[in-house]
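Novice: Here it is, the structure, as structure tokens.
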Amino acid sequence: MTHPLFRQEMFIETAFERRFQAMLRAAWHQRSWHVIVADPGSGKTMGIRDMVRTAGAPAILAVTAPKNDESEQALGNQLFTALGLPLRGRWSERKPKLMGSMVQFGVTCLIVDDAHDLSLAHLMDIKELTDQGR
94 MTHPLFRQEM FIETAFERRF QAMLRAAWHQ RSWHVIVADP GSGKTMGIRD
144 MVRTAGAPAI LAVTAPKNDE SEQALGNQLF TALGLPLRGR WSERKPKLMG
194 SMVQFGVTCL IVDDAHDLSL AHLMDIKELT DQGR
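So the sequence shown is numbered by this note's numbering: it starts at 94 and just counts up by one.
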């Protein structure tokens, strides 16, 4: 949340945040899937940012679900950008390199913020990526 006096984002570890991050860490260690739904402004995004910051990069790769674009490439572009990789070339050529890049960078947990915006095709792509990484 942005503090009105200091005009900067501040992370406040509420009871929700402690439960939320405990669930994220459990999912990370158990390599399991979870879909979390909470009210807007409850602190999901800030909690994810804090977890990424404290877990040590690049173990956790966190991206925001693409809005209004159900194409496979849209989610792939989000992942490539988060890894700091260039978006050159066709998606069909870059897609096979994505899993290798995630392994190379040491990514062990993938978090998609605003996952309610994902289509079934996106979810299937994520499942395929995580199945390849096991």
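Cβ coordinates follow ideal geometry from the N, Cα and C atoms, glycine included.
Please state whether DSSP places Val-145 in a helix, a strand or coil.
Specialist: Residue numbering aside, residue 145 sits at position 52 when the sequence shown is read from its first letter. In this structure, Val-145 counts as helix in the three-state DSSP scheme.
Novice: Can you have a look at Arg-187 and say buried or exposed, based on whether 16 or more other CB atoms are within 10 angstroms of its CB?
Specialist: As a working note, residue 187 is residue 94 in the sequence shown. It is buried - the Cβ of Arg-187 has at least 16 other Cβ atoms within 10 Å.
Novice: Please say whether Asp-210 and Lys-42 have beta carbons closer to each other than 9 Å?
Specialist: It is not possible to answer for residue 42, since the shown part of the chain is limited to 94 through 227.
Novice: From Asp-162, Met-217, Met-195, Asp-207, pick the residue whose C-alpha is nearest to that of Thr-174; which is it?
Specialist: By 1-based counting over the sequence shown, the position of residue 174 is 81. Answer by Cα proximity: Met-195.
Novice: The alpha helix (DSSP H) that contains Leu-117, what's its start and end?
Specialist: On the sequence shown, position 24 is the one that residue 117 refers to. Note, Leu-117: alpha helix (DSSP H), 108-123.
Novice: Within 10 Å of its beta-carbon, does Gly-182 have 16 or more other beta-carbons around it, so buried, or fewer, so exposed?
Specialist: On the sequence shown, position 89 is the one that residue 182 refers to. Looking at its Cβ environment, which holds fewer than 16 other Cβ atoms inside 10 Å, Gly-182 is exposed.
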